[in-house]
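Some notes on the structure that comes next.
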Amino acid sequence: MAATQGTIQPGAVSLGGGSRRRELGRWLFILPVVFLNLVVIVGPALFGVYIAFTDWSGVGSMNFVGLENFARLLQDQVFWKALRNNLVWTAIFLVVPIVLGLLGAYMLTGIRRGQMFMRVAFFVPYVLPSVVTTHIWRYLMHPRVGLGQWLSDTFGIDFLDKAWLGSRDTALYGIAFMDNWHFWGFPLVLLLAAMSAVDVELYEVARLDGASRFQQFRHVTLPSIRPTLVFLLLMIAIWSALVFDYIFLTTGGGPANASEVMGTHLYTTAFERFQTGYAATIGLVMVLWVALVVGGFVYLRKRGWEI
Amino acid sequence: MAGVKTRTSDSQERSWNLSSLPNYVVLIILVVFALVPLYQLGINSFKTRAQIGLDPFGLPEEWLVSNFTEAWERGKYATTLPNSVILTAATIFFVLIFAGMAGFALARLRLRGADYISFYFLVGTAVPPQFYMVPLFILWRTLGMINTFHGLIIIYVAQFSPFSTYLLRSYMVSIPQEFVDAARIDGASNWQVFHKVIMPLSWPGFLTAGLVVGLGVWNEFLFAQTFLPRPEFKTIVTSLYAFQQRDGREWGLTNAGSVIMITPVIILFLALQRRFIEGLTQGGLKA
């Protein structure tokens, strides 16, 4: 400290008070982050709102076309398919990783030996990049070399030996399966932390009342971890509207748009068809979706729901 | 020492063990589900294509290290690994400085309108990346920042700063006020309080934020793919993707390529897993 005492800035010594200059000095600390956010996120986002009402191709002239892009959206079969797939995706992810996470976390609270190892094992897939996760599962789901083929060759179990990603009926579910393998350790770890914080005495009381393990889970564990659970459901509902990587890296939305989501539809529209204006319109729908989810959450909370 | 146990505690322990048996059965099934795909990735990265076809889940007959040298060549790791290291290191560096400053301001400097700033960050993080990416791409093209490292680093810093600001703020709030007061009495400026007092005392927060940011950048696909399309600027992620597209059926090679890129992540994760888990579960990365 001694060495720096000679370089005290003027005005920094006075305690309290609020001269304009001091206030400005404080704002300097927050300025870089705010500035970067304006340039990279908020500014382009506001520009994007405008582009959504134009016929811009990314270069050349930009004509205001009013609601034309939105009218086109209503006619766009691929968009509706994508919207439906995003809903299916949301439904899957609100249920499957949460159930797996609850199951795993509840089972983990009941053991002592190996708890640490298993927690790490469950979380490892979450730190893998999407490009590796999809690679692993593209192999395992491959109709000729994968897990299904192996089960069929070795044990004669052949119902899994299918072209999961190549079929219109299963592509979306196959990709959701992959992403879920990667993701479910995340809710598990959060739920485990919440469960570990539950007062042990509550379980003692429930046991004395003759509650079964399932009843203990239903009436002690679940109510106690509700805030964590609600947080997870909210995050999943937001993330599911934005899903991109897993679909782009596996099927690119195919076959025949069967696994198309808004994110991939936007990407192809912008970067392969160069319809910047229309892509921004699709993006605006994604923004509205997220805003509705967050708004609904805030509304329910204001209405007195304990979430 | 083991023999000193009383009869009751012994029987209690036994009944406890028995009652946790179903837990272990379920958990081991889940561990198999989580780890077998990874086992497959690792084990097949040492096999020839023919061997993988014959026996996909057994140990390799001979451990083929040449897969890794060939994957290193074909995946162009000599170019892409340094690229990813530059992007990751620079992003971590700037995020920690800027988010550290912002977290300090929000935690300690009684800013008027700090609530508005927090709200602004919240809105900023809720905007779907795909939405602002298209206008951003056009802005970056106009500024000549496509296919430049600094172009993408600026984007990453902007994206990862709000989360890191929150994380660091929560660490800084818990530092006792006496430390700050003592420095103030010594005549320290805000900046000196920040980097002589607050930064050293909240280093676990900086480590945690750095790990999450580093993991996020190392693994990032969408923006790297869009803003650095030229081969000489590809990251390990986007070049691995290109490699997988080219040599899709060479599972041994593409597995080896994948192993190369995840090995540093896995090692770091195992060494610092508490910090990773703590940072990631605070809402760090998108699914």
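Here the protein sequences come in this chain order: S and D.
When you line the first sequence up against the working numbering, it's residues 344 to 650, in that order.
When you line the second sequence up against the working numbering, it's residues 14 to 300, in that order.
We put the CB at the ideal spot given by N, CA and C, even for glycine.
Taking E83 of chain D as part of the alpha helix (DSSP H), name the residues at either end of that continuous run. On the second sequence, residue 83 of chain D is found 70 positions in, with the first residue counted as 1. E83 of chain D -> alpha helix (DSSP H) spans 79-87.
Spell out whether any CB of chain S is found under 8 Å from the CB atom of M158 of chain D. Start at 1 with the first residue of the second sequence, and residue 158 of chain D comes out as number 145. Closer than 8 Å to the CB of M158 of chain D there is not a single CB belonging to chain S.
Which of the residues in the stretch 390-421 of chain S, read from start to end, lie with their CB under 7 Å from any CB of chain D? Those would be F390, G391, I394, G401, in chain order.
With a threshold of 16 other CB atoms inside 10 Å of the CB of E245 of chain D, please say whether the residue is buried or exposed. Sequence index remark: in the second sequence, residue 245 of chain D carries index 232 (1-based). That one is exposed.
Taking 8 Å as the CB-CB limit, is E479 of chain S close to chain D? Within the first sequence, the letter at position 136 stands for residue 479 of chain S. Residue 479 of chain S is actually Ile in this sequence, not Glu. For I479 of chain S, a Cβ of chain D is located within less than 8 Å of the residue's own Cβ.
Give a yes or no on whether the C-beta atoms belonging to L149 of chain D and P375 of chain S are separated by under 8 Å. Here residue 149 of chain D refers to the residue found at position 136 of the second sequence. Here residue 375 of chain S refers to the residue found at position 32 of the first sequence. No, the pair does not count as a contact, with Cβ atoms beyond the cut-off.
Contact set between G517 of chain S and chain D, taken where Cβ atoms lie within less than 9 Å: Along the first sequence, one-based indexing puts residue 517 of chain S at 174. Taking the beta carbon of G517 of chain S as reference, no residue of chain D falls within 9 Å; the closest one sits roughly 14 Å away.
Distance CB(G491 of chain S)-CB(D504 of chain S) smaller than 8 Å: Residue 491 of chain S sits at position 148 when you count from the first residue of the first sequence. Residue 504 of chain S sits at position 161 when you count from the first residue of the first sequence. Contact: yes.
Whether W507 of chain S touches P468 of chain S by CB criterion (8 Å): Residue numbering aside, residue 507 of chain S sits at position 164 when the first sequence is read from its first letter. Residue numbering aside, residue 468 of chain S sits at position 125 when the first sequence is read from its first letter. Against a cut-off of 8 Å, the Cβ pair of P468 of chain S and W507 of chain S comes out as no contact.
Separation of Q143 of chain D from E411 of chain S, as counted between CA atoms: Numbered from 1 along the first sequence, position 68 holds the residue referred to as residue 411 of chain S. Numbered from 1 along the second sequence, position 130 holds the residue referred to as residue 143 of chain D. Between the alpha carbons of E411 of chain S and Q143 of chain D lies a gap of roughly 21 Å.
Is any non-hydrogen atom of the ligand COA found closer than 7 Å to the C-beta of V475 of chain S, if you look at the structure I gave you? Ligands displayed in this structure: none; no statement on the ligand COA is therefore possible.
Beta-bridge partners of T397 of chain S, as assigned by DSSP: As a working note, residue 397 of chain S is residue 54 in the first sequence. Partner(s): S:F407.
With 8 Å set as the bound, which would you pick, yes or no: does the beta-carbon of P277 of chain D sit closer than that to a beta-carbon of chain S? Stepping through the second sequence from its first residue, residue 277 of chain D is reached at position 264. Output row for P277 of chain D: interface = no.
Quick check on the burial criterion: 16 or more other C-beta atoms within 10 angstroms. Buried or exposed for S79 of chain D? Working through the second sequence from its first residue, we reach residue 79 of chain D at position 66. With fewer than 16 Cβ atoms within 10 Å of its Cβ, S79 of chain D is classed as exposed.
At a CB-CB cut-off below 7 Å, which residues of chain S make contact with G66 of chain D? Along the second sequence, one-based indexing puts residue 66 of chain D at 53. Those within 7 Å of G66 of chain D in chain S are V488.
Under three-state DSSP, which class holds M484 of chain S? Your numbering for residue 484 of chain S matches position 141 in the first sequence. Three-state DSSP puts M484 of chain S in coil, outside helix and strand.
Verify the CB distance criterion: does T593 of chain S have a CB-CB separation below 8 Å to chain D? The residue labelled residue 593 of chain S in the question sits at position 250 within the first sequence. No, because no Cβ of chain D sits closer than 8 Å to the Cβ of T593 of chain S.
Taking F70 of chain D as the query, report the chain S residues whose CB atoms sit under 8 Å from its CB, ordered along the chain. Here the question's residue 70 of chain D lines up with position 57 in the second sequence. Result: W493.
Span of the alpha helix (DSSP H) holding F256 of chain D? Taking the first residue of the second sequence as 1, we reach residue 256 of chain D at position 243. Per DSSP, F256 of chain D is one residue of the alpha helix (DSSP H) stretching across 249-259.
Decide if W231 of chain D is buried, meaning its Cβ has at least 16 other Cβ atoms within 10 Å, or exposed. The residue given as residue 231 of chain D occupies position 218 in the second sequence. Here W231 of chain D is buried. Its C-beta has 16 or more other C-beta atoms within 10 Å.
Would you kindly report the start and end of the unbroken alpha helix (DSSP H) that includes F372 of chain S? For this step, residue 372 of chain S is matched to residue 29 along the first sequence. Where F372 of chain S is concerned, the enclosing alpha helix (DSSP H) stretches over 363-380.
Please state the DSSP three-state secondary structure of G157 of chain D. For the purposes of this step, residue 157 of chain D is taken as residue 144 along the second sequence, with counting starting at 1. Looking at G157 of chain D - three-state DSSP - the assignment turns out to be coil, as it is neither helix nor strand.
Verify whether the separation of the beta carbon atoms of H478 of chain S and S271 of chain D is less than 8 Å. Here residue 478 of chain S is taken as the residue at index 135 of the first sequence, counted from 1. Here residue 271 of chain D is taken as the residue at index 258 of the second sequence, counted from 1. Against a cut-off of 8 Å, the Cβ pair of S271 of chain D and H478 of chain S comes out as a contact.
Give a yes or no on whether 8 Å exceeds the smallest Cβ distance from G164 of chain D to chain S. Taking the first residue of the second sequence as 1, we reach residue 164 of chain D at position 151. No, no contact with chain S.
To the nearest angstrom, how far is it from the Cα of Q64 of chain D to the Cα of P73 of chain D? Taking the first residue of the second sequence as position 1, residue 64 of chain D is located at position 51. Taking the first residue of the second sequence as position 1, residue 73 of chain D is located at position 60. Between Q64 of chain D and P73 of chain D, the C-alpha separation is close to 8 Å.
For Q53 of chain D, return the contacting residues in chain S, with the cut-off set at a CB-CB distance below 8 Å. Taking the second sequence and counting its residues from 1, the one referred to as residue 53 of chain D is at position 40. Within chain S, the residues near Q53 of chain D are I479, Y482, L483.
How big is the Cα-Cα spacing for G66 of chain D and I159 of chain D? Taking the first residue of the second sequence as position 1, residue 66 of chain D is located at position 53. Taking the first residue of the second sequence as position 1, residue 159 of chain D is located at position 146. Approximately 42 Å, taken between the alpha carbons.
Check whether chain S comes within 8 Å of T13 of chain D, counting only Cβ atoms and requiring the distance to be less than that. Outside the modelled stretch of chain D, which goes from 14 to 300, sits residue 13 of chain D, for which no answer is possible.
When you compare the CB of N203 of chain D with every CB in chain S, is at least one pair closer than 8 Å? Counting from one through the second sequence, the residue named residue 203 of chain D turns up at place 190. Chain S contact via Cβ: present.
Got a sec: is the Cβ-Cβ distance from D504 of chain S to anything in chain D below 8 Å? Numbered from its first residue, the first sequence carries residue 504 of chain S at position 161. Taking Cβ atoms only, chain D never reaches closer than 8 Å to D504 of chain S, which makes this a no.
Taking buried to mean at least 16 other C-beta atoms within 10 Å of its own C-beta, is Y610 of chain S buried or exposed? Numbered from 1 along the first sequence, position 267 holds the residue referred to as residue 610 of chain S. With 16 or more Cβ atoms within 10 Å of its Cβ, Y610 of chain S is classed as buried.
Environment of D512 of chain S [buried if 16+ CB atoms lie within 10 Å]: As a working mapping, residue 512 of chain S is identified with position 169 in the first sequence. Within a 10 Å sphere around the beta-carbon of D512 of chain S sit fewer than 16 other beta-carbons, which makes this residue exposed.
Indicate the three-state DSSP secondary structure (helix, strand or coil) for F617 of chain S in the structure shown. Within the first sequence, the letter at position 274 stands for residue 617 of chain S. Judged by DSSP in its simplified three-state form, F617 of chain S adopts coil rather than helix or strand.
Measuring straight from C-alpha to C-alpha, what distance separates R644 of chain S and P242 of chain D? Taking the first sequence and counting its residues from 1, one reaches residue 644 of chain S at position 301. Taking the second sequence and counting its residues from 1, one reaches residue 242 of chain D at position 229. Taking C-alpha positions only, R644 of chain S is separated from P242 of chain D by approximately 44 Å.
For a contact meaning CB atoms closer than 9 Å, what does F173 of chain D contact in chain S? Position 160 of the second sequence, counting from 1, holds the residue named residue 173 of chain D. Within 9 Å Cβ-Cβ: nothing; F173 of chain D doesn't reach chain S, min ~10 Å.
Among S:I454, S:M521, S:A464, S:D496, nearest to Y286 of chain S - alpha-carbon criterion: Residue 286 of chain S is absent from the structure shown; chain S starts at 344 and stops at 650.
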